[in-house]
Amino acid sequence: MSMLRGFLVLVLFFILGESVRVLLALPVSGGVLGMVVITFTLMVKGSVSDDLASASQGLISVLVLLIMPGVVGVFFTADQFSGQWLAVAAALLVGTFLSVLTTLALMKLVTVRGERHRE
Amino acid sequence: MNELFSRFGVLSDTLAATPILAISLTLGAFFAGNWLFARIGRPLWLPPVLLSACLLATVIAVLALDYQAYHQGARWLTVLLGPATVALGIPLYQQMHHIRAMWRPIVVTLPIAATMAAVYAVVIGWALGARPQVLASLAPKSVTAPIAIGITEQLGGSVPLMMGGLLITGVVATLFVDLLARYLPVRDERIVGFALGLNGHAIGTARAFEISHTAGAFASLGMGLTGVFTALILPLVFRL
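Top to bottom, those sequences are chains V and X. Position in the first sequence (from 1) plus 173 gives the number in my numbering. Position in the second sequence (from 1) plus 106 gives the number in my numbering.
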């Protein structure tokens, strides 16, 4: 029961996010808007109810399950890459490798420098 | 005997007509993938999501199910992605003290890293001769699916191609973060989590929650910020 009560809160914030997205014609998804709004609401409120915490934990723990139907699509839409396989594969693999490297290196650099600055 | 066979045909049609088949296949593959993952010693290069997806794809192909029909049935699960995205706000709130302490690195890293995630892919694709439509589909590859669909449509790319790129990016970003974090080395799980969310959207975030609650919160933050930032910047940049 308590988990369902929390789920209702999440769904309501999702509807709120979708409403904001459609009414203001934003390019950002309703889920992300709902996430931003619920985070700020909790910050103002200063606490999170057990219902909401357990519902969110439940959903997050099955996140992989929820994205699986989409992941499977790769195997069935692969023919759309035809003729440009090399370019697409290289862009995805090498591009992602470089962007992960950039993120980690940059983040590490700024964090370490920040900590040194404080000492 | 023949009659029994024809009834089998009716049975499969009956089951395929409801979302129950798609849901049970997805759930089954999810648990089978996790079980197999634990059995083969949790290899970094083969995350459970990829394992489960391969199993599921095999089953769909073997049973000769129509992918579109499967996808339609699985909407009962995928529709939960919306509330699940909202749910990411709760760990974000619970970890706010960690995020406050890291605001400087986040503010410096995010715009550069999120821009470069798109730029690397577009430049490499362009250098190897990909068409503009393909480039527009590759650009939002690190953005979470619901936002990326909007961006691709705005840029004039192909949504199925983008989805494929998105999913491959999520899986390889997870692998590269695990690998590079070990060799650089980066041991701070806040940084690892942020990199997972920024580069690997929901797939990276799911992986980050396997590491720890803190890593997961930073991944949610990275995913959300990258999505919003890219949605605002990319349509402007692409026009040039």
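Glycine included, every Cβ here is placed at the ideal spot set by N, Cα and C. All figures in this text were calculated on a predicted structure; none of them were measured in a lab.
ALA198/V: contacting residues in chain X (beta-carbon distance under 8 Å):
Here residue 198/V refers to the residue found at position 25 when the first sequence is read from its first residue. Residues of chain X passing the Cβ test: none, with the nearest at roughly 10 Å.
State whether the segment 272-291 of chain V contacts the segment 183-192 of chain X, with contact taken as three or more CB pairs (one from each stretch) at a distance under 8 Å.
Under the Cβ criterion (8 Å, minimum of three pairs), the segment 272-291 of chain V does not count as touching the segment 183-192 of chain X.
Partners in chain V for LEU183/X, counting only beta-carbon separations shorter than 9 Å:
Working through the second sequence from its first residue, we reach residue 183/X at position 77. What LEU183/X touches in chain V: VAL235, LEU238, LEU239, MET241 and PRO242.
Taking the alpha-carbon of ILE309/X as reference, which of SER243/X, LEU156/X, ILE196/X and GLU295/X has the nearest alpha-carbon?
On the second sequence, position 203 is the one that residue 309/X refers to. Cα-wise, what sits closest to ILE309/X is LEU156/X.
What first and last residue would you give for the alpha helix (DSSP H) that runs through VAL192/X?
For the purposes of this step, residue 192/X is taken as the residue at position 86 of the second sequence. Boundaries of the alpha helix (DSSP H) around VAL192/X: 187-193.
With the cut-off set at 9 Å, would you say PHE315/X and GLY322/X are in Cβ contact?
In the second sequence, counting from the first residue as 1, residue 315/X sits at position 209. In the second sequence, counting from the first residue as 1, residue 322/X sits at position 216. A contact, by the Cβ cut-off of 9 Å.
How about the segment 261-269 of chain V and the segment 275-289 of chain X: do they share at least three Cβ pairs that are nearer than 8 Å?
With a cut-off of 8 Å, the segment 275-289 of chain X and the segment 261-269 of chain V count as touching, because enough Cβ pairs lie within range.
Any idea what DSSP makes of VAL247/V, helix, strand or coil?
Taking the first residue of the first sequence as position 1, residue 247/V is located at position 74. VAL247/V: helix per DSSP, three-state reduction.
Mind pulling the chain V residues with CB within less than 8 Å of LEU194/X?
Here residue 194/X refers to the residue found at position 88 when the second sequence is read from its first residue. Among the residues of chain V, those whose CB is under 8 Å from the CB of LEU194/X are MET208, SER229 and ILE233, following chain order.
Could you work out which residues of chain X lie near MET216/V, taking near to mean beta carbons separated by less than 9 Å?
Taking the first sequence and counting its residues from 1, the one referred to as residue 216/V is at position 43. Around MET216/V, the beta-carbon contacts reaching into chain X at under 9 Å are TYR199 and MET202.
Using only CA atoms, which one of MET208/V, LEU183/V and LEU279/V lies nearest to SER227/V?
Within the first sequence, residue 227/V is the residue found at index 54, counting from 1. When each option's Cα is compared against that of SER227/V, the closest is LEU183/V.
In three-state DSSP terms, what is LEU142/X?
Residue 142/X sits at position 36 when you count from the first residue of the second sequence. In this structure, LEU142/X counts as helix in the three-state DSSP scheme.
With 16 other Cβ atoms within 10 Å as the buried cut-off, status of ILE348/X:
No statement about residue 348/X is possible, as the shown extent of chain X runs from 107 to 346 and does not include it.
Per-residue contacts from MET222/X into chain V (C-beta, under 7 Å):
Residue numbering aside, residue 222/X sits at position 116 when the second sequence is read from its first letter. Here the neighbours are SER272 and THR275.
Range of the contiguous alpha helix (DSSP H) that encloses LEU372/X
The requested residue 372/X is not part of the displayed model; chain X covers only 107 to 346.
Taking ALA251/X as the query, report the chain V residues whose CB atoms sit under 9 Å from its CB, ordered along the chain.
Position 145 of the second sequence, counted from the start, is the residue given in the question as residue 251/X. By Cβ distance, chain V contributes SER202, ILE240 and GLY243.
Are SER326/X and GLY188/X touching if we call contact CB-CB under 9 Å?
For the purposes of this step, residue 326/X is taken as residue 220 along the second sequence, with counting starting at 1. For the purposes of this step, residue 188/X is taken as residue 82 along the second sequence, with counting starting at 1. At least 9 Å separates the beta-carbon of SER326/X from that of GLY188/X.
Proximal residues to PHE136/X (C-beta, below 6 Å), its chain only, five neighbours per side dropped:
For the purposes of this step, residue 136/X is identified with residue 30 of the second sequence, where counting begins at 1. Only residues of its own chain outside the window of five on either side were considered, and among them SER158 have a CB closer than 6 Å to the CB of PHE136/X, listed in chain order.
Option nearest ASP284/X by Cα separation, candidates VAL214/X, GLY270/X and PHE300/X
One-based indexing of the second sequence puts residue 284/X at position 178. Closest in C-alpha terms to ASP284/X, from the list VAL214/X, GLY270/X and PHE300/X, comes PHE300/X.
I'd like to know if MET174/V contacts chain X, where contact means its C-beta is closer than 9 Å to some C-beta of that chain.
In the first sequence, the residue the question calls residue 174/V occupies position 1. Not a single CB atom of chain X sits nearer than 9 Å to the CB of MET174/V.
Member of VAL249/X, ILE212/X and THR191/X whose CA lies at the smallest distance from the CA of GLY333/X:
Counted from its first residue, the second sequence places residue 333/X at position 227. Of VAL249/X, ILE212/X and THR191/X, the smallest CA-CA separation from GLY333/X is found for VAL249/X.
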